[in-house]
Amino acid sequence: MRFTVTALLIIIVLFLLPVTALFAAELYDLGCWWTAMKEGRLLFARHRNPTLDPVLKTYELHLFDPATGVITFLQKPGEKLPLLPAVSPDGTALAYYAIVEGNDYLVTRYLDEGRSIRLRFDTGGYIEAVALDYDRDRVLTANKRGEDRQALYLISNRQGTIRRILNGTRFQDIHFLANGGVQYTDLKDGRLVLGVVHPWNLKQTVLSGMTRLALASPRGDAVLFREFDRLSLYRVNSGETIRISDQVSADPLVSPEGTTCAVFEPDALLLVNLPTGDVMYYLALAADTRSSLLNDFSFYTVRGRSIHRIMHRNPGQQLAELYRGEGALRLLAVSGDDRFVYFQEGTGEGGVGTNSVTVLDRTTGESVVKRFPFAVEEVLPLRVRASDGSFYIRAMGEVPGDRVPVRELYYYSMPMGALIGVSTARDADLDLYRRKQGSSRGS
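For the sequence shown, our numbering gives the first residue as 1, with consecutive numbering after it.
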């Protein structure tokens, strides 16, 4: 294949571009996807083209920097993004598929270097998924080549080459592994097949022919996969598969660095080392993934009206009560340095205060309640070495009048005590939120 490579020399900086994007279930989504990047920045996507057919809707990508308050629009004018981007594990680069005047492009942006590589190519099919390697050079794409026919392509930015490495049916997700291999799941005849392909010799290893969940560790040195109630671990470097549990009750949690996973059984919790598969802790308790969190240092869970914690990196620890409340508790997040715990607490019958966030500082034992003029859906801590407690919020905000609710993004600065709108309805045309007379659908 022949490539045309163009470096993008200009970063376009815009402040909160107008967006008119209609989301499913009558929701205008101004923050449909987000992820924490290095140095506290936030990468997020907003929907475009609300009046078009759903298959023609695209995304726009923005990068918010809390240090400057600047929002950078990451696309070049004319680029239409039908897929969400792939982000490098270190949070410094991203790759995305763009359509410009009917031509296919792959764009890799190196945010820490302020440069981009843009490749134009024709693989004979539509791109369905994108992944970015740990070296930030190689890009993997899944391309549709016909009815129930897809192929995986390996692309090198530096060399400007493309190579088909695997034919398949309908790839659901694709990931690079630490040894340079590629993990994939392929939907064949109603079954999700999990496998690994080695690009250097095109050798293919099928790990499971009936997968319910496949989860590559953030470091790419292990793949967890679930078959019904059985959870197994594939060690990437040795090629060995080991059984973790035969009675899992929920999907596992994996720590951000990928050193630990939490395995949930009906009456037990296992904290397992990755990629060895060794059980570090076996706790006789019925924990729930919906009320549990795992970071690189600790495991947190809600039991009754209390938050409990165990430091999984230290041997011989016990699950200890961290906080006791007076109402229902909902864990939201934990800062990367394990200092701040974010949760919601309510005093009604099983009700949680959805318009507030309680921030607990573990170093001082003090907690503070922050109240907001919207319902908090999620909280995302900043990706920094040492946290000051600041956090991002995905919220459900009501706009005036008979209009559709809107999902918005905010940044709350703990030192300043200030709430900053990152992606809000204030920069959108409110007439787009009106409902039609006698109809429950947005216009």
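From the three backbone atoms N, C-alpha and C, an ideal C-beta is built for every residue, glycine too.
- For the set Gln-172, Asp-137, Phe-264, the Cα lying nearest the Cα of Asn-143 is the one of Gln-172.
- Straight-line measurement puts the Cα of Val-87 at about 16 Å from the Cα of Leu-215.
- In this structure Tyr-342 is in contact with Leu-332, their Cβ atoms being roughly 4 Å apart against a cut-off of 8 Å.
- The stretch 119–136 makes contact with the stretch 91–111: 3 or more CB pairs, one atom from each, lie closer than 8 Å.
- Val-107 is positioned such that its CB atom lies no closer than 8 Å to that of Arg-120.
- Assignment of Thr-289 by DSSP, reduced to helix, strand and coil, places it in the helix class.
- Within its own chain, the residues whose Cβ lies closer than 7 Å to the Cβ of Leu-283, once the five positions on either side in sequence are excluded, are Ala-268, Leu-269, Leu-319, listed in chain order.
- Between Pro-85 and Leu-61, the C-beta gap is smaller than 8 Å, which places the two residues in contact.
- With a cutoff of 8 Å on beta-carbon distance, Gly-31 and Leu-293 are scored as not near each other.
- Around the beta-carbon of Ile-242, fewer than 16 other beta-carbon atoms lie within 10 Å, marking it exposed.
- Non-local C-beta neighbours of Val-279 in its own chain, meaning closer than 6 Å and more than five positions away in sequence, comprise Leu-270, Val-272, ordered along the chain.
- Linking Ala-250 to Val-379 through their CA atoms gives a straight-line distance of about 22 Å.
- Per DSSP, the continuous beta strand (DSSP E) segment holding Cys-261 begins and ends at 260–265.
- Rounded to the nearest angstrom, the Cβ distance from Arg-394 to Arg-385 is 24 Å, too far for a contact under 8 Å.
- Listed in chain order, the beta strand (DSSP E) runs fully inside the stretch 113–172 are 115–120, 126–132, 138–146, 149–156, 161–168, counting runs of at least 3 residues.
- When C-alpha distances from Arg-109 are compared across Val-223, Asn-157, Asp-229, Phe-372, the shortest belongs to Asn-157.
- In this structure, Phe-372 lies away from Leu-322, with their beta-carbon atoms at least 8 Å apart.
- The Cβ atoms of Gly-353 and Gly-346 lie closer than 8 Å to each other.
- Secondary structure note for Pro-381: its beta strand (DSSP E) is the uninterrupted segment 375–381.
- The C-beta of Arg-383 has 16 or more other C-beta atoms within 10 Å across all chains shown, which makes the residue buried.
- By the criterion of a C-beta distance shorter than 7 Å, Glu-227 is surrounded in its chain by Ser-208, Met-210, Thr-211, Arg-212, once the five residues flanking it on both sides are discounted.
- Cys-261 and Val-254 have their C-alpha atoms some 4 Å from each other.
- Between Met-311 and the set Phe-299, Arg-303, Arg-305, the nearest pair of CA atoms involves Phe-299.
- Per DSSP, reduced to three states, the secondary structure at Arg-243 is strand.
- Beta bridge pairing from DSSP links Asn-103 with Val-100.
- Inside the stretch 284–361, DSSP marks no whole alpha helix (DSSP H) run of 4 or more residues.
- A buried status is given to Leu-360, since no fewer than 16 other beta-carbon atoms sit within 10 Å of its beta-carbon.
- Selection Gly-78, Asp-186, Lys-38 evaluated against Tyr-59 yields Gly-78 as nearest (Cα-Cα).
- DSSP places Met-396 inside the beta strand (DSSP E), whose first and last residues are 391–397.
- Distance between Leu-166 and Asp-189, taken at the CA atoms: about 18 Å.
- Rounded to the nearest angstrom, the gap between the Cα atoms of Asp-122 and Thr-68 is 39 Å.
- Note that the C-beta distance between Glu-265 and Ser-245 is below 8 Å.
- Counting C-beta atoms within 10 angstroms of its own C-beta, Gln-159 has fewer than 16 neighbours from the protein chains shown and is therefore classed as exposed.
- In chain order, Ile-165, Leu-166 place their CB closer than 8 Å to the CB of Leu-202, counting only its own chain and leaving out the 5 sequence neighbours on each side.
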